[in-house]
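First to last, the protein sequences are chains A and B. Each step along the first sequence adds one to the number in our numbering, with nothing skipped, and position 56 is 46. Each step along the second sequence adds one to the number in our numbering, with nothing skipped, and position 27 is 10. Here's the structure we're looking at; comments come further down.
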Amino acid sequence: NAGVTQTPKFRVLKTGQSMTLLCAQDMNHEYMYWYRQDPGMGLRLIHYSVGEGTTAKGEVPDGYNVSRLKKQNFLLGLESAAPSQTSVYFCASSYPSEAFFGQGTRLTVV
Amino acid sequence: AQSVTQPDIHITVSEGASLELRCNYSYGATPYLFWYVQSPGQGLQLLLKYFSGDTLVQGIKGFEAEFKRSQSSFNLRKPSVHWSDAAEYFCAHSNDMRFGAGTRLTVKP
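Structure (structure tokens):
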């Protein structure tokens, strides 16, 4: 029972590079979320999805794009990474009851 | 704007002392509320949740929380803190799964 799986777990990017973070859940949850966590800032919602094919902006969406082509997957893209996007990224899914979290992706942009 | 507020950024308590962490929300509809805990370098673990019914909910690790609609609060409590409770605690609301900024708990020996 994998729950919510994020890949990769660590990544270092150069400024201007692009990358995609993958979140996969095997609980058949409708809702999925992407957060970033920075010291003293708590968890801030980047984008979320309430079902396959739908996405919506959260609190801090600028610089990120998302896609939910399959119910079980929620992708977070950075088209042109900036040092301000250095953070720990968490994915979560819910039914919507409580959210279940992945273990996080630590991204450093240099 | 809809929000979840945790007024205390950092709390220090002695081991064995009681604990209360505050959470306030500003949503209009009946809320679903949660408390999560995050140990250093780890993901988030659900402590407890409130959907409806009894306003005092019990969670794991001896934690409980009380929903007070009149005060728009959902405070987390524990009667006797253990050193292993040192972590960061987050309150969340299910409308759009927004989180408070978190409260970091330090436990003194």
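For each residue, glycine too, the CB sits at the ideal point set by N, CA and C.
Which chain B residues are close to residue i, counting only those with a beta carbon under 7 Å from its beta carbon?
i	result
residue 53 of chain A	Within 7 Å Cβ-Cβ: nothing; residue 53 of chain A doesn't reach chain B, min ~20 Å.
In terms of residues, what are the limits of the beta strand (DSSP E) holding residue i?
i	result
residue 98 of chain A	95 to 99
residue 18 of chain B	16 to 21
residue 71 of chain B	70 to 76
residue 64 of chain B	That residue, residue 64 of chain B, is in no beta strand (DSSP E); it is neither H nor E in DSSP.
residue -11 of chain B	Careful: residue -11 of chain B lies outside any beta strand (DSSP E) and carries neither H nor E.
residue 78 of chain A	77 to 84
residue 67 of chain A	63 to 68
residue 28 of chain A	21 to 28
residue 59 of chain A	Per DSSP, residue 59 of chain A belongs to no beta strand (DSSP E) and is neither H nor E.
residue 14 of chain A	9 to 15
residue 36 of chain A	32 to 39
residue 3 of chain B	2 to 4
residue 48 of chain B	47 to 51
residue 25 of chain B	Counting along the chain, residue 25 of chain B falls outside any beta strand (DSSP E), and DSSP gives it neither H nor E.
residue -4 of chain A	-6 to -3
residue 89 of chain B	86 to 91
Pull up the distance between the alpha-carbon of residue i and that of residue j, whole angstroms please.
i	j	result
residue 59 of chain A	residue 43 of chain A	5 Å
residue 25 of chain B	residue 35 of chain A	18 Å
residue 0 of chain B	residue 69 of chain A	49 Å
residue 65 of chain B	residue 57 of chain A	42 Å
residue 2 of chain B	residue 18 of chain B	14 Å
residue 90 of chain A	residue 15 of chain B	15 Å
residue 100 of chain A	residue 16 of chain A	34 Å
residue 77 of chain B	residue 83 of chain A	12 Å
residue 68 of chain B	residue 7 of chain B	22 Å
residue 70 of chain B	residue 62 of chain A	30 Å
residue 3 of chain A	residue 97 of chain A	8 Å
residue 37 of chain B	residue 50 of chain B	9 Å
residue 9 of chain B	residue -13 of chain B	7 Å
residue 91 of chain B	residue 63 of chain B	13 Å
residue 46 of chain B	residue 22 of chain B	16 Å
residue 53 of chain B	residue 53 of chain A	39 Å
residue 27 of chain B	residue 49 of chain A	19 Å
residue -4 of chain B	residue 4 of chain B	11 Å
residue 13 of chain A	residue 67 of chain A	11 Å
If the cut is a Cβ gap below 8 Å, which residues of chain A does residue i touch?
i	result
residue 83 of chain B	32
residue 32 of chain B	87, 88
By the criterion of Cβ-Cβ separation under 9 Å, what are the contact partners of residue i in chain B?
i	result
residue 89 of chain A	17, 19, 27, 29, 75, 77, 80
residue 67 of chain A	In chain order: nothing, as chain B lies at least about 20 Å away.
residue 80 of chain A	26, 27
If the cut is a Cβ gap below 8 Å, which residues of chain B does residue i touch?
i	result
residue 57 of chain A	Residues of chain B passing the Cβ test: none, with the nearest at roughly 19 Å.
residue 92 of chain A	26
residue 84 of chain A	77, 80
Which whole-angstrom value is the C-beta distance of residue i and residue j, which I expect to be below 8 Å?
i	j	result
residue 85 of chain A	residue 21 of chain A	7 Å
residue 11 of chain A	residue 27 of chain A	About 14 Å; that fails the 8 Å criterion.
residue 64 of chain A	residue 39 of chain A	6 Å
residue 82 of chain B	residue 33 of chain A	4 Å
residue 71 of chain A	residue 9 of chain A	7 Å
residue 48 of chain B	residue 59 of chain B	5 Å
If we define contact as Cβ-Cβ less than 7 Å, is residue i a contact residue for chain E?
i	result
residue 43 of chain B	Looking for chain E here will not work: the only protein chains present are A and B.
Under 7 Å (Cβ pairs) to chain B, residues found in the segment 18 to 45 of chain A: 23, 31, 32, 33, 35, 38
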